[in-house]
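Quick note: the sequence shown, position 45, residue 45 per the numbering used here, numbers continuous.
No residue lacks a Cβ here, since even glycine has one placed at the ideal position from N, Cα and C.
Following: one structure in structure tokens, then a few remarks.
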Amino acid sequence: MKIYTKKGDQGSTGLIGGTRVSKGDVRIEAYGTIDELNSYIGLISTLEIDAQSIYQLNEIQDRLFTIGSHLASDPQKAKMQLPDLHSSDVAALENWMDEMDQSLAALTAFILPGGHHTSAHAHVARCICRRAERIIVSLDEIEGVAPLILAYINRLSDYLFVLSRKLNSLQGAKEQHWRPRN
1 MKIYTKKGDQ GSTGLIGGTR VSKGDVRIEA YGTIDELNSY IGLISTLEID AQSIYQLNEI
61 QDRLFTIGSH LASDPQKAKM QLPDLHSSDV AALENWMDEM DQSLAALTAF ILPGGHHTSA
121 HAHVARCICR RAERIIVSLD EIEGVAPLIL AYINRLSDYL FVLSRKLNSL QGAKEQHWRP
181 RN
């Protein structure tokens with residue numbers, strides 16, 4: 001099987017279910033941004049981070065594939081059985097954040113992205129996640145998206161923020177607080 005089909009040479013692509021849409025369609029932008037986020041999380045998992053974080057990031061990547069498959073399908077025509085996202089997936093993110101928070105200093109100011117490079121990468125992933133969320137909200141306003149997808153992506157950006165703090169802490173890097181000029 002060849003990876004190229006030449007079907008997209010004119011700027012369209014196929015959804016699961018066979019519907020062809022513009023590569024500029026909001027649905028394509030949504031699952032493309034999820035793919036970008038998934039790739040960036042894969043990058044983070046290759047850095048010098050702890051085994052627990054790697055496990056969690058691998059689980060998140062699996063859920064992002066699930067979300068991507070739902071976003072890449074035509075809800076009216078897709079007959080393929082897609083994997084499900086569960087409320088327990090959102091709860092897992094919350095539990096992981098609660099566990100990380102136990103070892104972190106109380107948050108008393110806005111944190112500037114940076115510190116150790118592992119933390120900085122988590123901040124970039126958080127920003128990609130927020131962009132994905134904005135696009136998925138736009139898709140939801142047009143066609144509707146499963147509420148659990150919106151909840152998971154919203155919670156994931158929070159998780160990535162807490163992870164960035166944890167990675168700074170593990171590396172002994174100081175968090176830089178934002179101090180607005182007077």
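Pair within 8 Å by beta-carbon distance, residue i and residue j
i	j	result
Gly115	Lys174	yes
Asp50	Leu170	yes
Ile111	His177	yes
Ile67	Ile149	yes
Ser12	Val21	yes
Tyr40	Val124	yes
Ala259	Ser164	The structure shown does not extend to residue 259, since the chain spans only 1 to 182, so no value can be given for it.
Buried versus exposed, by CB contacts within 10 Å (16 or more), residue i
i	result
Phe65	exposed
Leu139	buried
Thr118	buried
Glu133	buried
Close beta carbons around residue i, own chain, < 7 Å, minus the five adjacent residues each side
i	result
Trp96	Gln56 and Tyr159
Ala120	Pro113 and Gly114
Cα-Cα separation between residue i and residue j, rounded to whole angstroms
i	j	result
Arg129	Asn182	Per the sequence shown, residue 129 should be read as Cys rather than Arg. So the two alpha carbons sit approximately 32 Å from each other.
Gly32	Gln102	34 Å
Ile3	Leu107	47 Å
Ile136	Ile34	9 Å
Lys6	Ala151	36 Å
Glu99	Thr46	22 Å
Val90	Gly24	29 Å
Lys79	Ala72	13 Å
Ile54	Asn168	15 Å
Glu29	Gln81	23 Å
8 Å Cβ shell around residue i - same chain, five flanking residues per side excluded
i	result
Glu94	Arg155
Residues near residue i by beta carbon distance below 6 Å, same chain, minus five either side
i	result
Asn38	Gln61 and Leu64
Val145	Ile136 and Leu139
Gly14	Arg20
Bridge partners - residue i, DSSP secondary structure assignment
i	result
Thr13	Val21
His177	Ile111
Ser73	Ile16
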